[in-house]
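Working notes for the structure below.
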Amino acid sequence: MQSHARGHLVYAASGILAVHTERGTSIVPANRVAWTPAGFTHYHRAHGDTDIRIVFLAPSLARLIPDHPAVFLASDLAREVLLALTGPRNYDDTAPHYSRSARSRLLRVLVDELREAHEQPLHLPEPRDDRLQAIARMLYETPGDNTSLAELGKTIGASTRTLSRLFRDELGMNFYQWRTQLRVYHALVLLADGHDTTQTAYACGWANPSGFIAAFTNIIGTTPGRYRTSRQTTTSGRSAKSKV
Numbered sequence: 000m001q002s003h004a005r006g007h008l009v010y011a012a013s014g015i016l017a018v019h020t021e022r023g024t025s026i027v028p029a030n031r032v033a034w035t036p037a038g039f040t041h042y043h044r045a046h047g048d049t050d051i052r053i054v055f056l057a058p059s060l061a062r063l064i065p066d067h068p069a070v071f072l073a074s075d076l077a078r079e080v081l082l083a084l085t086g087p088r089n090y091d092d093t094a095p096h097y098s099r100s101a102r103s104r105l106l107r108v109l110v111d112e113l114r115e116a117h118e119q120p121l122h123l124p125e126p127r128d129d130r131l132q133a134i135a136r137m138l139y140e141t142p143g144d145n146t147s148l149a150e151l152g153k154t155i156g157a158s159t160r161t162l163s164r165l166f167r168d169e170l171g172m173n174f175y176q177w178r179t180q181l182r183v184y185h186a187l188v189l190l191a192d193g194h195d196t197t198q199t200a201y202a203c204g205w206a207n208p209s210g211f212i213a214a215f216t217n218i219i220g221t222t223p224g225r226y227r228t229s230r231q232t233t234t235s236g237r238s239a240k241s242k243v
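Positions 0 to 243 (numbering that gives the first Met the number 0) are the ones given, in order, by the sequence shown.
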């Protein structure tokens, strides 16, 4: 766990990255950018062959983007700026030597691109209530578990009505929406490890691949098959980690 005096952007040029803060977990597939504001305690976890790029922002730029952890889709221009700031196109560990003014211009372009981007629904909020935390622990360990909220409530001694209210009030979504996001996060990890769509669907609790494909596409914006194909293309030759 760590925190920084400056907010920072973490870019997954390839692979899958999870950014954990006290607010929850941001899921960062390839070509997404995670933003962690200054002062947030956090840690990163990479899955698969992941190329991580980190860029810190001065307060004057950080104030232009959200004051909470968020994930953005990287535009083509944002991606190229991130790669330019953190290392050459051959992905070695030597960052280019830009002048201070040139670096400032690139950072401003990057922030402008993120301000135009929509936040991605890839942040899984962390429950604070003990009862929700107990449910979260069970489902983190077995994301494919199809136990209903009523049955989970019996296990921990809480009514369905109480748990539904807690999910809505604390996390801003219902139980099934939260579990679907958790499952898609787990699916991204399995896909990064080389599992195919059908294997991943059943492992994450879907009764058939078509239901999984629909849920995955709704959250990630592309099908699991296309995501695996694009990931295999972008991971070729990329394994360095660098920051600026």
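Beta carbons: idealized from backbone N, C-alpha and C, even for Gly.
Spatially closest choice to residue 48 from 219, 214 and 193, by CA coordinates: Numbered from 1 along the sequence shown, position 49 holds the residue referred to as residue 48. Of 219, 214 and 193, the residue nearest in Cα terms is 193.
Verify whether the separation of the beta carbon atoms of residue 120 and residue 177 is less than 9 Å. What you label residue 120 is simply residue 121 of the sequence shown in a count that begins at 1. What you label residue 177 is simply residue 178 of the sequence shown in a count that begins at 1. Cβ distance not < 9 Å, so residue 120 and residue 177 don't count as in contact.
At the 9 Å Cβ level, is residue 222 part of the contact set with chain C, yes or no? In the structure shown, chain C cannot be found, because there is only a single protein chain.
List the whole-angstrom C-beta distance separating residue 18 from residue 40, where the pair is believed to meet the contact cut-off of C-beta under 8 Å. One-based indexing of the sequence shown puts residue 18 at position 19. One-based indexing of the sequence shown puts residue 40 at position 41. No, residue 18 and residue 40 are not in contact; Cβ-Cβ is about 11 Å, not under 8 Å.
Member of 85, 52, 219 and 13 whose CA lies at the smallest distance from the CA of residue 118: The sequence position of residue 118 within the sequence shown is 119, counting from 1. Nearest of 85, 52, 219 and 13 to residue 118, Cα basis: 219.
Touching by the beta-carbon criterion (3+ pairs, under 8 Å), the stretch 78-88 and the stretch 131-142: In short, these stretches do not touch, since the Cβ pair count stays below three.
According to DSSP, what are the bridge partners of residue 124? Position 125 of the sequence shown, counted from the first residue, corresponds to residue 124. Per DSSP, the beta-bridge partners of residue 124 are 23.
Contact defined as beta carbons within less than 8 Å: I believe residue 51 pairs with residue 77. What is the distance between those atoms, to the nearest angstrom? Start at 1 with the first residue of the sequence shown, and residue 51 comes out as number 52. Start at 1 with the first residue of the sequence shown, and residue 77 comes out as number 78. At roughly 16 Å, the Cβ-Cβ gap does not stay under 8 Å, so residue 51 and residue 77 are not in contact.
Rounded straight-line distance, which links the Cα of residue 126 to that of residue 81: Position 82 of the sequence shown, counted from the first residue, corresponds to residue 81. Position 127 of the sequence shown, counted from the first residue, corresponds to residue 126. Straight-line Cα distance between these residues: approximately 32 Å.
Could you check the C-alpha separation between residue 73 and residue 116 for me, to the nearest Å? The residue labelled residue 73 in the question sits at position 74 within the sequence shown. The residue labelled residue 116 in the question sits at position 117 within the sequence shown. Linking residue 73 to residue 116 through their CA atoms gives a straight-line distance of about 8 Å.
Confirm the yes/no value for this check: CB of residue 19, any heavy atom of the ligand NAD, distance under 8 Å. The ligand content of the structure shown is nil, which means the ligand NAD is not present either.
In or out: residue 101 buried (at least 16 other Cβ within 10 Å) or exposed? Looking up residue 101 in the sequence shown gives position 102. Burial call: exposed.
Rounded separation between residue 169 and residue 160 - CA only: Along the sequence shown, one-based indexing puts residue 169 at 170. Along the sequence shown, one-based indexing puts residue 160 at 161. Spanning the two alpha carbons is a distance of roughly 14 Å.
Give me the Cβ distance between residue 33 and residue 8, rounded to the nearest whole Å; I'm assuming they're in contact under 8 Å. Here residue 33 is taken as the residue at index 34 of the sequence shown, counted from 1. Here residue 8 is taken as the residue at index 9 of the sequence shown, counted from 1. Contact between residue 33 and residue 8 holds, with the beta-carbon distance rounding to 7 Å and staying under 8 Å.
Report the option in 30, 23, 4 and 21 whose CA atom is closest to the CA atom of residue 227. Translated into positions along the sequence shown, residue 227 becomes position 228. Taking only the C-alpha atoms, the option nearest residue 227 is 30.
When DSSP labels each residue in this structure, what does residue 113 get in the three-state scheme? Stepping through the sequence shown from its first residue, residue 113 is reached at position 114. Of the three classes helix, strand and coil, the one that applies to residue 113 here is helix, per DSSP.
Excluding the 5 residues flanking residue 20 on each side, which residues of the same chain have their C-beta closer than 6 Å to its C-beta? Position 21 of the sequence shown, counted from the start, is the residue given in the question as residue 20. In its chain, beyond the 5 residues on either side, 39, 41 and 68 have a beta carbon closer than 6 Å to the beta carbon of residue 20.
From which residue to which residue does the beta strand (DSSP E) around residue 42 run? As a first step, residue 42 is located in the sequence shown; it is residue number 43 there, counting from the start. Looking at the DSSP string, the run of the beta strand (DSSP E) that includes residue 42 is 41-55.
Same chain only: Cβ atoms within 7 Å of residue 203, ignoring 5 sequence neighbours per side: The residue given as residue 203 occupies position 204 in the sequence shown. Closer than 7 Å at Cβ, skipping near neighbours: 142, 143, 182, 185, 186 and 211.
Please classify residue 58 as buried or exposed, where buried requires at least 16 other C-beta atoms within 10 Å of its C-beta. Taking the first residue of the sequence shown as position 1, residue 58 is located at position 59. Of the other Cβ atoms in all chains shown, fewer than 16 fall within 10 Å of the Cβ of residue 58; this residue is therefore exposed.
One or two residues paired with residue 71 in a DSSP bridge: Translated into positions along the sequence shown, residue 71 becomes position 72. BP columns for residue 71 point to 32 and 118.
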